[in-house]
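Residue numbers (my numbering): 62 to 430.
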């Protein structure tokens, strides 16, 4: 009899076990945005070499064509797009009519980078993004006007071209340390990379005789600050050098450059953008998949954003539309990699569920064991 009872229990547990396994799988599927899980593309390939903050940015022009390309390489997964039309705001220095624009960045990752615009384009055709660098000393100038919000957001709201960006840096107090360089370009084809030179002051690297400007993770004004030489920088320059006419300068050509220098691994390319500041078109790519793109016209999108509209929120007196980038790529395949705490939690839930269901079905409710 004992053997028969043992076999009977095993068979019942085996019948219920698939329910538990299904429960674990469903819980994995509904929790991709928890802080202890990571969403990545199925083409994710871990790399042994990780280059933190390894963004690649370029600006290129021929005649009336201008493009600005960026790979946003970082460890966070919650990526967002924000659309803010021109509006009246109140600053510590009075009222301001802002330029409208689109910004990209990270949010809901429980990280200090959340909510800060990493880069974008405004309705005047000014494009901007930044490369991470080792922090260096910046000569403080407290006599200048301090910024009142994140640097990229304020510049895009206040400046319409590269000349104004340079003036902005020369007229604002930005502390006593600096850990990046800012790449800006406008609809005229003018471009600049702003970084801190060896003397501790801002330097402005311009295009001289070339039709392009590239920045990665070494300081263009001080090669000792950052990772030099950089294979991504060399690759991008070589590919842009091969563009020898206005006819050859296309969105596809820019896409090929971004694809060639994209990153995978812990600091993978989370999103990429190609801006056309002349026509205000934006081409967006997600999770280094350059076979799919989301294209929109900035002017048309800004015209549809109104206070109280769908996904429109207000923060610090500014209203904007917030869109999760992944929602624009519904066909993008993802796989979910759960962490060990989540795996342990779900396993315990599955085991307890199996026992409870079995006891309920057999009518033995007095004790679990």
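Cβ coordinates follow ideal geometry from the N, Cα and C atoms, glycine included.
Tell me, to the nearest whole angstrom, how far the beta carbon of residue i is from that of residue j; I am working on the premise that it is less than 8 angstroms.
| i | j | result |
| --- | --- | --- |
| residue 286 | residue 195 | 6 angstroms |
| residue 335 | residue 128 | 6 angstroms |
| residue 154 | residue 203 | The Cβ separation is near 16 angstroms, so there is no contact. |
| residue 278 | residue 298 | Contact flag wrong, Cβ pair sits at about 14 angstroms. |
| residue 143 | residue 381 | 5 angstroms |
| residue 151 | residue 378 | 6 angstroms |
| residue 414 | residue 273 | Contact doesn't hold; Cβ gap of about 59 angstroms is too wide. |
| residue 281 | residue 242 | 7 angstroms |
If distances are taken between C-alpha atoms only, which option among the options comes closest to residue i?
| i | options | result |
| --- | --- | --- |
| residue 138 | 151, 276, 169 | 169 |
| residue 337 | 115, 116, 368, 131 | 131 |
| residue 329 | 350, 181, 159 | 350 |
| residue 221 | 206, 211, 134, 251 | 251 |
| residue 312 | 284, 342, 174 | 342 |
| residue 340 | 358, 410, 278, 227 | 358 |
| residue 201 | 136, 176, 263, 171 | 263 |
| residue 268 | 390, 261, 249 | 249 |
| residue 283 | 255, 273, 309, 332 | 255 |
| residue 140 | 219, 177, 149 | 177 |
| residue 122 | 379, 316, 306 | 306 |
| residue 115 | 192, 187, 163, 199 | 192 |
| residue 261 | 270, 197, 227 | 197 |
| residue 199 | 413, 266, 240 | 240 |
| residue 353 | 213, 360, 344 | 344 |
| residue 157 | 271, 120, 209 | 209 |
| residue 387 | 405, 355, 367 | 355 |
| residue 228 | 265, 406, 376 | 265 |
| residue 186 | 173, 308, 360, 236 | 360 |
| residue 190 | 226, 271, 207 | 226 |
Taking Cβ positions, are residue i and residue j nearer each other than 7 angstroms?
| i | j | result |
| --- | --- | --- |
| residue 275 | residue 300 | no |
| residue 183 | residue 205 | no |
| residue 118 | residue 323 | no |
| residue 296 | residue 321 | yes |
| residue 389 | residue 161 | no |
| residue 246 | residue 188 | yes |
| residue 136 | residue 303 | no |
| residue 294 | residue 133 | no |
| residue 167 | residue 180 | no |
| residue 223 | residue 253 | yes |
May I ask you to report which of helix, strand or coil DSSP gives residue i?
| i | result |
| --- | --- |
| residue 159 | coil |
| residue 345 | strand |
| residue 408 | helix |
| residue 413 | helix |
| residue 262 | coil |
| residue 125 | coil |
| residue 164 | strand |
| residue 329 | coil |
| residue 154 | coil |
| residue 136 | coil |
| residue 148 | coil |
| residue 269 | coil |
| residue 130 | strand |
| residue 169 | coil |
| residue 334 | strand |
| residue 120 | strand |
| residue 340 | coil |
| residue 115 | coil |
| residue 142 | strand |
| residue 100 | With a pLDDT of 32 at residue 100, under the threshold of 50, the predicted position of this residue should be treated as unreliable, though the coordinate-derived value follows. The answer is strand: DSSP assigns residue 100 an E or B state. |
Is there a Cβ of chain B sitting closer than 7 angstroms to that of residue i, yes or no?
| i | result |
| --- | --- |
| residue 121 | Of the chains in the structure shown, none is chain B; there is only one protein chain. |
Query raised in the report: What are the start and end residues of each continuous beta strand (DSSP E) run of 3 or more residues lying completely inside the region 272 to 321, in chain order?
Result: As far as the region 272 to 321 is concerned, its whole beta strand (DSSP E) runs of at least 3 residues are 273 to 276, 283 to 287.
Notebook entry, point to check: Can you give, in chain order, each stretch of the beta strand (DSSP E) that sits fully within the region 179 to 258 and has at least 3 residues?
Noted result: Segments of the beta strand (DSSP E) lying fully in the region 179 to 258: 188 to 198, 238 to 246, 252 to 257.
Those runs of the beta strand (DSSP E) which lie wholly inside the region 360 to 393 and span at least 3 residues
373 to 376, 379 to 385
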